[in-house]
Amino acid sequence: MNQIPNSLRSSPDASGHFGAYGGRFVAETLMPLVLSLETAYEAAKKDPSFQAELSGLLKHYVGRESPLYFAERLTEHLGGAKIYLKREDLNHTGAHKINNCLGQILLARRMGKTRIIAETGAGQHGVATATVAARFGLPCTVYMGEVDMERQKPNVFRMRLLGAEVKGVSSGSRTLKDATNEALRDWVANVHDTFYIIGSVVGPHPYPALVRDFQAVIGAETRAQMLDREKRLPDLVVACVGGGSNAAGMFHAFLDDSGVEIHGVEAAGDGVNTPRHAATISKGTPGVLHGARSYLLQDADGQILEAHSISAGLDYPGIGPEHSWLKDIGRVKYHSVTDQESLDAFMMLSKLEGIIPALEPAHAIAHVSKIAGQMKKDQVIVVCLSGRGDKDIFSVAEKLGEKL
Amino acid sequence: MTRLSNTFARLKKEGRAAFVPFITAGDPDMDTSFAILEKLPAAGADVIELGLPFTDPMADGPAVQAASVRALAAGCTTAKVLKLIEKFRKADKTTPIVLMGYYNNVHAYGTARFVKDVAHSGVDGLIIVDLPMEEDEVLRVPAKAQGVDLIRFVTPTTDDARLKRIVADASGYLYYVSVAGVTGTKSVPEEEVRAAITRIRAATDLPCTVGFGIRTPEQAAAIASIADGVVVGSAIVSRVADNIAHGKERVVAEVLELSRSLAGSTHAARHGKVPA
Numbered sequence: 391m392n393q394i395p396n397s398l399r400s401s402p403d404a405s406g407h408f409g410a411y412g413g414r415f416v417a418e419t420l421m422p423l424v425l426s427l428e429t430a431y432e433a434a435k436k437d438p439s440f441q442a443e444l445s446g447l448l449k450h451y452v453g454r455e456s457p458l459y460f461a462e463r464l465t466e467h468l469g470g471a472k473i474y475l476k477r478e479d480l481n482h483t484g485a486h487k488i489n490n491c492l493g494q495i496l497l498a499r500r501m502g503k504t505r506i507i508a509e510t511g512a513g514q515h516g517v518a519t520a521t522v523a524a525r526f527g528l529p530c531t532v533y534m535g536e537v538d539m540e541r542q543k544p545n546v547f548r549m550r551l552l553g554a555e556v557k558g559v560s561s562g563s564r565t566l567k568d569a570t571n572e573a574l575r576d577w578v579a580n581v582h583d584t585f586y587i588i589g590s591v592v593g594p595h596p597y598p599a600l601v602r603d604f605q606a607v608i609g610a611e612t613r614a615q616m617l618d619r620e621k622r623l624p625d626l627v628v629a630c631v632g633g634g635s636n637a638a639g640m641f642h643a644f645l646d647d648s649g650v651e652i653h654g655v656e657a658a659g660d661g662v663n664t665p666r667h668a669a670t671i672s673k674g675t676p677g678v679l680h681g682a683r684s685y686l687l688q689d690a691d692g693q694i695l696e697a698h699s700i701s702a703g704l705d706y707p708g709i710g711p712e713h714s715w716l717k718d719i720g721r722v723k724y725h726s727v728t729d730q731e732s733l734d735a736f737m738m739l740s741k742l743e744g745i746i747p748a749l750e751p752a753h754a755i756a757h758v759s760k761i762a763g764q765m766k767k768d769q770v771i772v773v774c775l776s777g778r779g780d781k782d783i784f785s786v787a788e789k790l791g792e793k794l
Numbered sequence: 126m127t128r129l130s131n132t133f134a135r136l137k138k139e140g141r142a143a144f145v146p147f148i149t150a151g152d153p154d155m156d157t158s159f160a161i162l163e164k165l166p167a168a169g170a171d172v173i174e175l176g177l178p179f180t181d182p183m184a185d186g187p188a189v190q191a192a193s194v195r196a197l198a199a200g201c202t203t204a205k206v207l208k209l210i211e212k213f214r215k216a217d218k219t220t221p222i223v224l225m226g227y228y229n230n231v232h233a234y235g236t237a238r239f240v241k242d243v244a245h246s247g248v249d250g251l252i253i254v255d256l257p258m259e260e261d262e263v264l265r266v267p268a269k270a271q272g273v274d275l276i277r278f279v280t281p282t283t284d285d286a287r288l289k290r291i292v293a294d295a296s297g298y299l300y301y302v303s304v305a306g307v308t309g310t311k312s313v314p315e316e317e318v319r320a321a322i323t324r325i326r327a328a329t330d331l332p333c334t335v336g337f338g339i340r341t342p343e344q345a346a347a348i349a350s351i352a353d354g355v356v357v358g359s360a361i362v363s364r365v366a367d368n369i370a371h372g373k374e375r376v377v378a379e380v381l382e383l384s385r386s387l388a389g390s391t392h393a394a395r396h397g398k399v400p401a
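Residue numbers (my numbering), protein chains in the order written: chain A, 391 to 794; chain B, 126 to 401.
As structure tokens, then:
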């Protein structure tokens, strides 16, 4: 089952499986659409005009390539390996999410779909979707859990400014998982005209593959920039993992570089030995949710458990199938850091580098702060700084006991 | 012959359609749902679809979602649902029970153990909403070996080529989803259903039931005149929700009364005539 192929970059297989994970676990009503999306995507991949339009938009609209920044003061402070930050926070809309949204809306247009829907947790994917929907003049509905709407108010307002309709979801834990259920319900009822822009490397095949491919620009740029700057590959690549899109995009270019160690960082919330965490890989078991087989937080009966993280973007009880596979074959090591550790890292990066990170990549920074000091000074770490922290200042202030 | 094939063969001979009520197991609690279940055949149920509650029922509308929430809050588990069916089966040897749910609960139970235990408890068919034909072999084959049919869906988005592949490995009956959408939110479009049933009959001899969007005795009668079975779910579980405040006896009485009325119009629809 876990036989390792020659290249780790060739998955998924034709039926959408990464090892034992992935697949297409959706209602029959959605299957024809999922299959036609796959056909459209395969054609687009080979179409030079599609690729040219996408790279043009990534350059002139998003501002790519994003810088690879040497974090000199952070490196000094931690006293070990050199730390580089891949600045996805400098993209238009402030996070990596836009890379994927542009790719998917071009696919939507190619398929003749006239209405866009999306789910969002932290609101970054919702903002990115609302942005591309505005850019291409398509109506857009974003589903968002009521809990997330409360803790990510600025992003709710941003989406509305961009002309999107934000629909609050009051079922279940009222977070990302429930927003995803509601988006799937909308999709199944509106298959004829609606394109569902999924925000992470989750969902039925081909979503985990196509989202990974649209995000792979992160790793591809990083690898080239690193070779240019350091004349070598990094020793360690680190990214935070909720559903896992920035990580999948960052890791992809390095999967076959056996000298490069790769770490994914999950949200441990109050701690992985408490009931309040989102450490799906560390504490979960394989199951089937939202169209794919992957690790899940669930009870013995297969009921989905509520995840918890201070970071709305990591607050999800599942993870992408590719990450589940990379964990099982041992290519990527998955670690976790707590809410408190990520808050400390959030403050540290703000003060040392003048960069306020989103709480999601603050988890990756927190992990690096634990290990950089034990590495040699001539070693190199690269961290995906997947988004900026402006959206998080309200929840951080609340945690610090300050009122804005 | 299985209980399912016997039932549809008998109904065909009688020239009427099956009334197929859906209730969620354990809703609002195990005892009340058993009280409903054991009296459904007498209230006119020819086949019973029993929902296995799931925390994240993506294909269901608000009514069935709420039923899952009630059942789980009252402590419903897969093991308890199987015991419930076993108890029903001790007294009723003829009414088929089809267990309907989502794959994660099956996966967590263990597919091999699940098919063995459901067969033992007296389940006749399985409907797993998020297991399209591309993924269903893992359950369909071992279930069949235990004499349990995996019921496949046909929907308004299923084209002829796909329909052909769906019916090739289907058994028991087919479930035609009358509208693209989640359960209980749109009304059944009769003319489209008529065209779809004609298309399905050309592809297979399997009985075809119709569900999603049938709420009233009038709608049930209209569908009964064209299909082999009429599934009503959201309207029934809504009746549970509407009467919880009035006590459990009232819940049971109201659900059975609605079932009798829907069964009556389903059974009377064709006046013994075989549909064209």
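Just so you know, even glycine gets a beta-carbon here, dropped at the ideal spot from N, CA and C.
Source: prediction; values computed, not measured.
Span separating the alpha-carbon of SER684(A) from that of SER672(A): Cα-Cα distance, rounded: 13 Å.
Interface residues of the stretch 278-299 of chain B facing chain A [CB-CB below 9 Å]: Going along the stretch 278-299 of chain B in chain order, one finds PHE278, VAL279, THR280, PRO281, THR282, THR283, ASP284, ARG287, ILE291 with a Cβ nearer than 9 Å to chain A.
6 Å Cβ shell around PRO457(A) - same chain, five flanking residues per side excluded: Here the set comprises ARG477.
Within 8 Å, strictly: CB atoms of ALA233(B) and GLY692(A): When the beta-carbon positions are compared, ALA233(B) and GLY692(A) come within less than 8 Å of each other.
Proximity test, Cβ basis, 8 Å: ILE316(B) and chain A: Position check: residue 316(B) holds Glu in this sequence, whereas Ile was assumed. GLU316(B) has a beta carbon lying at 8 Å or more from every beta carbon in chain A.
Candidates LEU177(B), THR283(B), SER296(B), ALA328(B), of which the one nearest LEU425(A) by Cα: Considering only alpha carbons, the answer is THR283(B).
Chain B contact for GLY632(A) (CB, 8 Å cutoff): At least 8 Å separates the CB of GLY632(A) from every CB of chain B.
Among LEU552(A), GLN514(A), GLY639(A), ALA434(A), nearest to ALA523(A) - alpha-carbon criterion: Checking every option, the nearest Cα to that of ALA523(A) belongs to LEU552(A).
Residue-level contact to chain A via CB, ALA305(B), 8 Å cutoff: True, the Cβ-Cβ gap to chain A drops below 8 Å.
Any chain B beta carbon closer than 8 Å to GLN494(A): Contact with chain B is absent for GLN494(A), since none of that chain's Cβ atoms lies less than 8 Å from the residue's Cβ.
Which residues DSSP lists as bridging LEU775(A), in chain order: Answer is ARG477(A), bridged to LEU775(A).
Inter-residue spacing [alpha-carbon to alpha-carbon] between THR341(B) and HIS642(A): Cα-Cα distance, rounded: 54 Å.
Per-residue DSSP class, three states only, for ASP782(A): In this structure, ASP782(A) counts as helix in the three-state DSSP scheme.
Simplified DSSP assignment, three categories, for ALA349(B): Three-state DSSP puts ALA349(B) in a helix.
C-alpha gap between PRO676(A) and ALA748(A), whole angstroms: Approximately 29 Å between the Cα atoms of the pair.
Chain A within 8 Å of TYR234(B), Cβ atoms only: Output row for TYR234(B): interface = yes.
CB of ILE761(A) within 8 Å of CB of LEU733(A), strictly: No. Outside cutoff.
Any chain B beta carbon closer than 8 Å to GLY562(A): Closer than 8 Å to some Cβ of chain B, the Cβ of GLY562(A) qualifies, so yes.
Outcome for LEU547(A) when other beta-carbon atoms lying within 10 angstroms are tallied against a minimum of 16: The identity of residue 547(A) in the sequence shown is Phe, whereas the question assumes Leu. PHE547(A) should be labelled exposed.
Short CB-CB distance (under 8 Å) between MET391(A) and chain B: At MET391(A) the pLDDT is 47, less than 50, meaning the model places this residue with poor confidence and gives no usable figure here.
LEU398(A) to LEU645(A) span [Cα, whole Å]: Each residue's CA atom was taken as its position, placing LEU398(A) and LEU645(A) some 6 Å apart.
Beta-carbon proximity of ASN490(A) to PHE585(A), cut-off 8 Å: Going by C-beta atoms, ASN490(A) is not nearer than 8 Å to PHE585(A).
Proximity to GLU656(A) [Cα-Cα], best of SER401(A), VAL678(A), ALA697(A), TYR431(A): Closest option to GLU656(A), judged by alpha-carbon separation, among SER401(A), VAL678(A), ALA697(A), TYR431(A): ALA697(A).
Interface positions of the stretch 144-176 of chain B facing chain A (Cβ-Cβ less than 7 Å), listed along the chain: If you check each beta-carbon in the stretch 144-176 of chain B against every beta-carbon of chain A, none falls closer than 7 Å.
Three-state secondary structure assigned by DSSP to GLU343(B): GLU343(B) falls in the helix class under three-state DSSP.
Assigned secondary structure, PRO146(B) (DSSP; H/G/I helix, E/B strand, else coil): Correct three-state label for PRO146(B): strand.
Rounded separation between HIS486(A) and VAL601(A) - CA only: For HIS486(A) and VAL601(A), the gap between their C-alpha atoms comes out near 11 Å.
VAL655(A) - DSSP class collapsed to helix/strand/coil: Look at VAL655(A) here: in three-state DSSP terms it is strand.
Complete runs of the beta strand (DSSP E) confined to the stretch 295-342 of chain B [at least 3 residues]: Unbroken beta strand (DSSP E) runs of no fewer than 3 residues, entirely contained in the stretch 295-342 of chain B, are found at 299-302, 333-336, following chain order.
Neighbourhood of ASP152(B) by C-beta, 7 Å cutoff - its chain only, sequence neighbours within 5 removed: Close CB contacts of ASP152(B) within its chain, under the 7 Å cut and outside five residues either way in sequence, are with SER158, ALA192, ARG195, ALA196, VAL362, VAL365 (chain order).
THR419(A) (DSSP reduced to helix, strand or coil): Coil, per DSSP.
MET225(B) (DSSP reduced to helix, strand or coil): Of the three classes helix, strand and coil, the one that applies to MET225(B) here is strand, per DSSP.
For LEU175(B) and MET225(B), believed in contact at Cβ under 8 Å, the rounded distance: Taking the Cβ atoms as the reference, MET225(B) lies roughly 7 Å from LEU175(B), within the contact range of under 8 Å.
Rounded separation between MET765(A) and ALA293(B) - CA only: Whole-angstrom Cα-Cα distance: 60 Å.
Top-ranked residue by Cα proximity to ASP705(A), from GLU536(A), VAL770(A), ASP768(A), GLY632(A): Looking at the Cα atoms, GLY632(A) is the closest of the given residues.
Proximity winner among GLY186(B), PRO267(B), GLU259(B), relative to LEU574(A) (alpha-carbon distances): The alpha carbon of LEU574(A) has as its nearest neighbour, out of GLY186(B), PRO267(B), GLU259(B), the alpha carbon of GLY186(B).
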